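Chemist:
2 protein chains.
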Amino acid sequence: MKDLREPLRELIECGLPQALEVMGERWSFMILRASFNGVHHFEEFLSELGIARNILSNRLAKLVEHDILKREPCPDDRRKVEYRLTPKGFDLLPAMLSLRQWGQKYGVEVEENPVIVDEIDRLPIGPVSILSHDGRTLTHEDLCMVNREDLGKRVDGTVAEDNCCKREPGEFPRLIDGVELKRAG
Amino acid sequence: MKDLREPLRELIECGLPQALEVMGERWSFMILRASFNGVHHFEEFLSELGIARNILSNRLAKLVEHDILKREPCPDDRRKVEYRLTPKGFDLLPAMLSLRQWGQKYGVEVEENPVIVDEIDRLPIGPVSILSHDGRTLTHEDLCMVNREDLGKRVDGTVAEDNCCKREPGEFPRLIDGVELKRAG
DNA sequence: TGTTTCAGTTGCAAAAGACAACCAGTTGCG
DNA sequence: CGCAACTGGTTGTCTTTTGCAACTGAAACA
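Protein chains in written order, with the numbering used here: chain A, 239 to 423; chain B, 239 to 423.
1. With DSSP collapsed to three states, give me the class of B:Ser-367.
2. Could you compute how far the alpha carbon of A:Pro-313 sits from the alpha carbon of A:Gly-341?
3. Is the beta carbon of A:Leu-254 sitting closer than 8 Å to the one on B:Ile-363?
4. So, helix, strand or coil for B:Val-348, using DSSP?
5. Compare the C-alpha of A:Met-383 against each of B:Asp-359, B:Lys-391 and B:Val-384 and name the closest.
6. Which ranges does the alpha helix (DSSP H) cover as unbroken runs of at least 4 residues, wholly within the stretch 279-307 of chain B, from first to last along the chain?
7. Among A:Phe-280, A:Thr-324, A:Glu-286 and A:Glu-320, which residue has its Cα nearest to the Cα of A:His-304?
8. Quick one: does B:Pro-362 have its CB under 8 Å from some CB of chain A?
9. Beta-carbon of B:Lys-326 versus every beta-carbon of chain A: anything under 8 Å?
10. I need the DSSP call for B:Arg-435, collapsed to helix, strand or coil.
11. Going by C-alpha to C-alpha distance, which of B:Val-346, B:Ser-367 and B:Ala-299 sits closest to B:His-279?
12. With DSSP collapsed to three states, give me the class of B:Asp-356.
13. What do you get for B:Leu-389, buried or exposed, if any count of 16 or more other CB atoms within 10 angstroms of its CB means buried?
14. Determine the burial state of B:Ala-257: buried for a count of at least 16 other Cβ atoms within 10 Å of its Cβ, exposed for fewer.
15. Name the chain B residues that come within less than 8 Å of A:Val-353, Cβ to Cβ?
16. Are the Cβ atoms of B:Met-268 and B:Leu-287 separated by less than 8 Å?
17. Of the residues that make up the stretch 311-340 of chain A, which ones have a beta carbon closer than 9 Å to any beta carbon in chain B?
18. Could you list which residues in chain A have their beta carbon closer than 7 Å to that of B:Ala-257, in chain order?
19. Name the two residues that bound the continuous beta strand (DSSP E) containing A:Val-319.
20. Pull up the CB-CB distance for A:Ile-368 and A:Leu-330, whole angstroms please, since I reckon it's below 8 Å.
21. With distances taken between CB atoms, is the gap from A:Glu-409 to B:Gly-327 smaller than 8 Å?
22. Taking Cβ-Cβ distances shorter than 7 Å, what residues in chain B pair up with A:Val-348?
23. DSSP state of A:Cys-402, grouped into three classes?
24. In the DSSP assignment, find the alpha helix (DSSP H) that holds A:Pro-255 and state where it starts and stops.
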C-alpha cells in the first residue's frame, strides 16, 4: 500500500511539475536567457554558456521537442542552424525575469549591466508581480487556496486548523487536510 | 586563449545563475511548493513528493543553508523538525507561480484543484506579470536592454544590427555585440 | 520495557553531466 | 577542382548526481 499517498499528491497537482519537466533541467534556463538575448546558433550558445557540446545538443533538442525553441536551417549559411524562441518560449519570460530578479535581490552584488528597460521610457522595469484578476498587486499574504467549487464564495467561517503546527501569516492554508477530511466523510 | 569568451559572458551577468544555484536543482521548486502549501516536516515532504530520503535531506539542508527555509526543532515533539519559509523564501512566490501558470497553460489539462485566489474576493489570481516602474503591464515586445549609463535616455538613432540574423520583434537587442564594439573602440 | 515514529546516514546501482576526440556536410579560397 | 576551416553534431570515457534500500539514534508511546 505504498501508493496510499498518490491521491493526496494529486490534490495539489498543478502546472509546476509539467513546467519543471523541461525547465527544471540544468542549463535550460540559461539557454533560454541566451535566446532572449539574441543567441541563435549552436556554437554561439556553446561559447556563451560554457556547456558541454553533447549536453547542449541534448538540451536544445529537448527544448525544440517541447516547442520552446524552433529549429531552422539558416538561409545564408547552410551549415548553420537557427534556434529561435516560439510564443511558448516567449511566455517563459515572466518566470525567467522573476527568478533573475530574486537572484539579483539576494545574491552577491552584480551590476546587471545591460539593464532590462521599458522600451518607451527606457527606465528599468519593476518587479515581476502577482496580480489579482482586476490588476491589484498581491503579496503572498493576500493569497489563499480554495476548492474549485468554492470560487468567489466569501466565507466568514473558521479556517481548518493544522493539527500540530500553526499556519504562518501568508502561507497557503493547508487545504490538503481539509479536502482529505471531505473525501473521508 | 580559451578564456577569450569570459568577459563576453560576464557582460550579461545577472541574477539568474545565482538563483539557479539553489533553485535550479531538481526537487527544489517542488519542495518550495510544498512549503507554500503548509508542509513543514521531513516525513511530510517525503510522502508528499515521493523523493528519496537522502536527496530530501540534502536539498532541505541546502535550502536552509541558502536561507530559503529555516530549520527549527518542533516544540511539541522534540523528534520533529520544522522547516519554514523565510522572507527570502516567500520572495520566490512570483517565480514559482509564473512557472506554474506556464505549465498550466501549455501542459496537458490539469484541473488545479485547490485554486490560488485573492483572499479578499476569493477569485483566482491573474497571470504573474512584468510591470514597468509605473505599473503598466509589459509584454516581451515592450522590453529592451540598454547600458547602465544610457538609462532613461530616449534614443532615436538606429539600433545596432545583427551581422547574420535579424532580431525577432520582442527579442532583446543583442547588446552584447554592441558593447563589445564599444570596448574594442 | 519494548515498539513505533522521526529525521536522518550509509552503501550500492543507475542516470545524468563534463571532457575530449571524432565525423559529416558546407563554405571560402587559391 | 582540392583542401583547410567551420558548424553542428555523435561517440566513448570518466565523474557527479540521483534513486533505492537498509540501518541508526533519539524521542515518544503503550
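Yeah, the Cβ is synthetic: ideal placement off N, Cα and C, and Gly gets one too. Since this is a predicted model, take the numbers as computed values, not measurements.
Modeler: Based on what the coordinates show:
1. If DSSP states are grouped into helix, strand and coil, B:Ser-367 belongs with the strands.
2. 38 Å
3. no
4. coil
5. B:Asp-359
6. Secondary structure in the stretch 279-307 of chain B: the alpha helix (DSSP H) runs of 4 residues or longer, each lying completely within the stretch, are 280-287 and 291-303 in chain order.
7. Checking every option, the nearest Cα to that of A:His-304 belongs to A:Thr-324.
8. yes
9. yes
10. The structure shown has nothing for residue 435 of chain B, since chain B only spans 239 to 423.
11. B:Ala-299
12. B:Asp-356 falls in the strand class under three-state DSSP.
13. exposed
14. B:Ala-257 comes out buried.
15. Neighbours of A:Val-353 on chain B, chain order: Met-383, Val-384, Asn-385, Arg-386 and Leu-389.
16. yes
17. Residues passing the 9 Å Cβ filter: Cys-312, Asp-314, Asp-315, Lys-318, Glu-320, Arg-322, Leu-323, Lys-326, Phe-328, Asp-329, Leu-330, Leu-331, Pro-332, Ala-333, Met-334, Leu-335, Ser-336, Leu-337, Arg-338, Gln-339 and Trp-340.
18. Leu-337, Arg-338, Trp-340 and Gly-341
19. That run of the beta strand (DSSP E) goes 319-323.
20. That belief does not hold up - the Cβ atoms of A:Ile-368 and A:Leu-330 are roughly 17 Å apart, past 8 Å.
21. no
22. Glu-251, Cys-252 and Gly-253
23. Here the model assigns A:Cys-402 a pLDDT of 46, short of 50, so the residue's position is not dependable, and the following value carries that caveat. Of the three classes helix, strand and coil, the one that applies to A:Cys-402 here is coil, per DSSP.
24. 254-261
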